[in-house]
Amino acid sequence: DINLSSFQPEKRIEYQIFQQQKKLNEIDLNRYKMQLLPSIVAYGSYSKNAQRTTFDVFDFSKDKQWFTIGLIGITFNWNLFTSGQRYFRIQQAKYNVLKSQYNLDQIKQSLILEYQTALINYQNALASLKNQENNLQLAREVFDVSIKKYQTGVGSNIEVINAEAALKEAQTNYFTALLDVLSAKTDLDKATNTIQ
Numbered sequence: 001d002i003n004l005s006s007f008q009p010e011k012r013i014e015y016q017i018f019q020q021q022k023k024l025n026e027i028d029l030n031r032y033k034m035q036l037l038p039s040i041v042a043y044g045s046y047s048k049n050a051q052r053t054t055f056d057v058f059d060f061s062k063d064k065q066w067f068t069i070g071l072i073g074i075t076f077n078w079n080l081f082t083s084g085q086r087y088f089r090i091q092q093a094k095y096n097v098l099k100s101q102y103n104l105d106q107i108k109q110s111l112i113l114e115y116q117t118a119l120i121n122y123q124n125a126l127a128s129l130k131n132q133e134n135n136l137q138l139a140r141e142v143f144d145v146s147i148k149k150y151q152t153g154v155g156s157n158i159e160v161i162n163a164e165a166a167l168k169e170a171q172t173n174y175f176t177a178l179l180d181v182l183s184a185k186t187d188l189d190k191a192t193n194t195i196q
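Under our numbering, residues 1 to 196 are what the sequence shown spells out, in order.
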C-alpha cells in the first residue's frame with residue numbers, strides 16, 4: 001500500500017521553481033492592473049539663492065540678501081484611452097498565471113507519480129532480494145547435500161558440478177538483487193528529496 005502522507009512534493013526543487021514562476025506571474029498581473037489606476041504625485045522644493053556679482057556667499061549682512069524660493073505642486077495622471085493595449089497585457093498576464101498554476105499542478109502530479117513508482121520499485125526489489133536470499137540458501141543446501149553424497153559414494157561428480165554452478169548462479173542473482181535494492185533505494189531517496 002502506497003502512503004502519500006509522508007511525501008511532500010513542495011520540498012522538491014522542481015516544484016519550488018514552478019511555484020516561484022507562478023508567484024512572479026501573479027506579481028506581473030498586479031503590476032499591469034495597477035497601471036490602470038490614476039496616479040497622484042506631490043512634489044515640493046525649498047531653497048535660498050544668493051544672486052551676487054562677487055563670490056561672497058558667507059556674507060550675511062543686510063545689504064547682501066538671500067532670496068527664498070519655494071515650490072509645491074500636485075500632478076494627477078489618468079490615462080483613459082490606451083487603445084486596448086493594457087487590457088491585452090492584463091489578459092496575457094492572467095493567462096500566464098493560469099498556465100503557471102497548470103504547470104504547478106502537472107509537476108506535482110509528476111512528482112507524486114515518480115514517488116509512487118520509486119516506492120513500488122523499492123518494495124519489489126526488497127521482495128526479489130528476499131526470494132534470491134531464499135534461493136541462495138536452498139542452492140547452498142543442495143550443494144552441501146551433493147558434496148556429502150559424492151563423499152559417501154552415492155552421488156556423482158556431475159551432480160556436484162551442477163550444484164556448484166547453481167550455487168554460483170544463485171550468488172550472482174542475489175548480488176544483482178542487492179544492487180537493484182540499492183538502486184531502487186537511491187531512486188526513492190531522490191523522489192523524497194532525502195538523498196545524502
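Even for Gly, the Cβ is constructed at its ideal location relative to N, Cα and C. These numbers come from a predicted model, not from an experiment.
If you check the CB distance, Asn135 and Ala166 do not come in under 7 Å. The C-alpha of Leu119 lies about 22 Å from the C-alpha of Gln16. Between the C-alpha atoms of Gln21 and Lys11 there is a straight-line separation of about 16 Å.
Collapsing the DSSP output to three states places Val145 in a helix.
One alpha carbon belongs to Ser156, the other to Tyr150, and they sit about 6 Å apart. Distance from the CA of Phe18 to the CA of Ser45, rounded to the nearest whole angstrom, comes to 47 Å. In the three-state reduction of the DSSP assignment, Ile158 falls in the helix class.
Note on geometry: alpha-carbon atoms of Asn77 and Asp28 lie some 21 Å from one another.
Taken through DSSP and simplified to helix, strand or coil, Asn30 comes out as helix.
In the displayed model, Ala42 falls within a strand according to three-state DSSP. Residues of the same chain with a CB within less than 7 Å of the CB of Thr82, apart from the 5 flanking positions on each side, do not exist.
With a contact defined as Cβ atoms closer than 8 Å, Val160 and Ser183 miss out at about 35 Å. Note on geometry: alpha-carbon atoms of Tyr174 and Ser128 lie some 9 Å from one another. A check of alpha carbon separations from Leu36 across Phe55, Arg89 and Tyr43 identifies Arg89 as the nearest. Around Ile107, the same chain offers Pro9, Glu14, Tyr15 and Phe18 as residues with beta carbons nearer than 8 Å, after the five sequence neighbours per side are excluded. C-alpha of Tyr43 to C-alpha of Val97: approximately 36 Å in a straight line. Under the three-state reduction of DSSP, Ser183 is assigned to helix. The continuous stretches of beta strand (DSSP E) do not include Leu37, and DSSP gives it neither H nor E.
Asn49 is not a Cβ neighbour of Ile74, given a cutoff of 7 Å.
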